[in-house]
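Chemist:
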Amino acid sequence: MRQAGRSLPEYRARRGTGDILGAIREPELAAELTLQPVRRYGVDAAVLFSDIVVPLAAIGAGVEVVPGRGPVVGQPFASTRDLGRLRRFEPPTDAPYVAATIGLVTKELDVPLIGFAGAPFTLASYLIEGGPSKTFARTKSLMHEAPELWTGLMDRLVSITVASLVDQIEAGVSAIQLFDSWAGALSPTDYAQFALPATAAVLDGLHEAGVPRILFGVGTGELLELMASAPVEVIGVDWRVPLARAFARVGDNRAVQGNLDPALCLSSTSLALAETRRILNEAAGHDGYIFNLGHGVLPETDPGVLAEVVALVHAEGRRDRRGQRRTVQHSDREVGGDRDSTGRSGQGSARGQGS
Ligand code: CP3
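Under the working numbering, the first residue of the sequence shown is numbered 34, with each subsequent residue one higher.
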């Protein structure tokens, strides 16, 4: 999950206090920040150091990321005129540093690299609210009161997001994650009408690329059937959803990823390990399960606790495979795959997997 690096002293040392979008624009630095948590924890995949607002910032939509707050938009999106600020995103000229970072990372990495983007609804919520929101009142009002404008906005964000993800896949990421982080703010009816079509269009736009697609949101318990109706291989869930319910709701053709509460990693190692064990037991016997946190790592987390969680998951995973192999068939490739005794992927390099 995102921000695995944020709690590391080596991350803080290299990252400094500058603007995160500035750090993302420096491939050497962004590559190093991507690699740090993999080196430290020996996790089974890396998450690209980037942010969901990178494409919007790159086309000059007026987005900044304020530390401790998140994305902020000086002039919030409100009318048809604002559509003009959302021109096409051309990664090779608008954001060449993303592919450059991926190139540097995949040269060094021996586990898969996960690229990502924000889903249209979540991106729209930042554009319309002007920043993080608790109620999403303006966003909900616009989608209901001005459905044509909403559709126009969704269409632009679909095109921007597909361009970003295709660029990342071409540069060498092995899987992509679509963050519809705030979709859980919507009722199932509103999600189905206003958010899901754009999310499905993004995922469908990647069909040809053939890499596994992960769809994640916070508080999505009541949306899981709808989310799993999109063309996707993996559904990510937070800790509010019992895994048994997640498996039942997403069905047999989708893997489930989740869902350790990051707040429970702030207390003691024994609490984090007990929770990890409980989650692994909940997932036992289900094909297609990927252990993960239910949301981003909190900055004050002790890296020692996360290292122990990773060690436990690896030990249990190895034990499990001696009994029963867990893989999810995804068209012509496997999600999860086999690992050798070092815990490394048995399918070759990250780049090899994407081809
Ligand atoms: O460290 C990583 O793992 C890199 C990957 C990553 C970042 N953002 C870097 C980042 C990923 C996958 C994201 C995705 C992202 N960004 C999401 C979706 C994931 C989710 O949590 O649901 C969202 C909603 C954003 C928007 C955003 N950017 C927020 C809410 C924040 C936090 C603001 C804060 O400081 O608390 C950011 C800033 C941000 N993006 C940081 C990082 C490492 C932290 C601040 C920094 O280092 O400057």
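We put the beta carbon where it would ideally sit given N, CA and C, even for glycine.
Tell me whether Gly205 sits in a helix, a strand or coil according to DSSP, three-state version.
Modeler: In the sequence shown, counting from the first residue as 1, residue 205 sits at position 172. Three-state result, Gly205: coil.
Chemist: Output needed for Gly387: all residues of its chain with C-beta closer than 7 Å, excluding positions within five of it in sequence on either side, in chain order.
Modeler: Looking up residue 387 in the sequence shown gives position 354. Caution applies to Gly387, whose pLDDT of 31 falls short of 50 and renders its modelled position unreliable; the model cannot decide the point.
Chemist: Run the CB neighbour count on Arg102, radius 10 Å, all protein chains shown included, and call it buried at 16 or more, exposed below.
Modeler: Sequence index remark: in the sequence shown, residue 102 carries index 69 (1-based). Burial call: exposed.
Chemist: Could you pull the start and end residues of the alpha helix (DSSP H) that Tyr130 belongs to?
Modeler: Within the sequence shown, numbered from 1, the residue matching residue 130 stands at position 97. Start and end: 129-141.
Chemist: Could you say which of Ala307, Arg351, Ile193 lies nearest to Ile85 if we only look at CA atoms?
Modeler: Taking the first residue of the sequence shown as 1, we reach residue 85 at position 52. Here the closest residue by C-alpha is Ile193.
Chemist: Exposed or buried, which one is Asn325 when buried takes at least 16 other CB atoms within 10 Å?
Modeler: The sequence position of residue 325 within the sequence shown is 292, counting from 1. Buried, since its Cβ has 16 or more Cβ neighbours within 10 Å.
Chemist: Check whether the stretch 338-351 and the stretch 60-79 touch, using three or more Cβ-Cβ pairs below 8 Å as the test.
Modeler: Touching, yes, given that three or more Cβ pairs across the two stretches are closer than 8 Å.
Chemist: For Ala242, which residues of its own chain have a beta-carbon under 6 Å away from its beta-carbon, when the five flanking residues on both sides are left out?
Modeler: Here residue 242 corresponds to residue number 209 of the sequence shown, with the count starting at 1. Around Ala242: Ile202.
Chemist: Closer than 7 Å to a non-hydrogen atom of the ligand CP3 - does that hold for the CB of Pro104?
Modeler: Numbered from 1 along the sequence shown, position 71 holds the residue referred to as residue 104. The answer is yes for Pro104.
Chemist: Can you tell me whether DSSP reads Asn286 as helix, strand or coil?
Modeler: Locating residue 286 in the sequence shown gives position 253, counting from the first residue. Looking at Asn286 - three-state DSSP - the assignment turns out to be coil, as it is neither helix nor strand.
Chemist: Buried or exposed for Leu304, going by 16 or more other Cβ atoms inside 10 Å?
Modeler: Indexing the sequence shown from 1 puts residue 304 at position 271. It is exposed - the Cβ of Leu304 has fewer than 16 other Cβ atoms within 10 Å.
Chemist: Apart from the five residues just before and just after Ser40, which ones in its own chain have a Cβ nearer than 8 Å to its Cβ?
Modeler: The sequence position of residue 40 within the sequence shown is 7, counting from 1. Result list for Ser40: Val330, Leu331, Pro332, Glu333, Thr334, Asp335, Pro336, Leu339, in chain order.
Chemist: Could you give the first and the last residue of the continuous beta strand (DSSP E) run that contains Ile85?
Modeler: Residue 85 sits at position 52 when you count from the first residue of the sequence shown. Element bounds for Ile85: n/a, residue is neither H nor E.
Chemist: Would you mind giving the Cβ-Cβ distance between Leu276 and Gly291, rounded to the nearest angstrom? I have them listed as a contact below 8 Å.
Modeler: Residue numbering aside, residue 276 sits at position 243 when the sequence shown is read from its first letter. Residue numbering aside, residue 291 sits at position 258 when the sequence shown is read from its first letter. The pair is a contact, with the Cβ atoms about 7 Å apart (cut-off 8 Å).
Chemist: Determine the direct distance from the alpha carbon of Ala37 to that of Phe212, and round the result to whole angstroms.
Modeler: For the purposes of this step, residue 212 is identified with residue 179 of the sequence shown, where counting begins at 1. For the purposes of this step, residue 37 is identified with residue 4 of the sequence shown, where counting begins at 1. Going by the C-alpha atoms only, they are around 16 Å apart.
Chemist: Rounded to whole angstroms, what is the Cα-Cα separation between Asp200 and Pro124?
Modeler: Mapped onto the sequence shown, residue 200 falls at position 167. Mapped onto the sequence shown, residue 124 falls at position 91. Going by the C-alpha atoms only, they are around 7 Å apart.
Chemist: Quick check on this structure: which residue in Val265, Val270, Gly117, Met187 has the alpha carbon closest to the alpha carbon of Ile209?
Modeler: For the purposes of this step, residue 209 is taken as residue 176 along the sequence shown, with counting starting at 1. Measuring from the Cα of Ile209, the nearest candidate turns out to be Val265.
Chemist: Quick one: does the C-beta of Asp84 sit closer than 7 Å to a heavy atom of the ligand CP3?
Modeler: Taking the sequence shown and counting its residues from 1, one reaches residue 84 at position 51. Yes, since a heavy atom of the ligand CP3 falls inside the 7 Å radius drawn around the Cβ of Asp84.
Chemist: Excluding five sequence neighbours on each side, which residues of the same chain lie with their C-beta closer than 8 Å to the C-beta of Leu256?
Modeler: For the purposes of this step, residue 256 is identified with residue 223 of the sequence shown, where counting begins at 1. Excluding positions up to five away in sequence, the list reads Ala216, Gly217, Leu219, Pro221, Tyr224, Gly250.
Chemist: Go through its chain and collect everything with a Cβ distance to Asp365's Cβ below 7 Å, but skip five positions before and after it.
Modeler: Position 332 of the sequence shown holds residue 365. In this predicted model, Asp365 has a pLDDT of only 37, less than 50, meaning its place in the structure is not dependable enough to derive any value.
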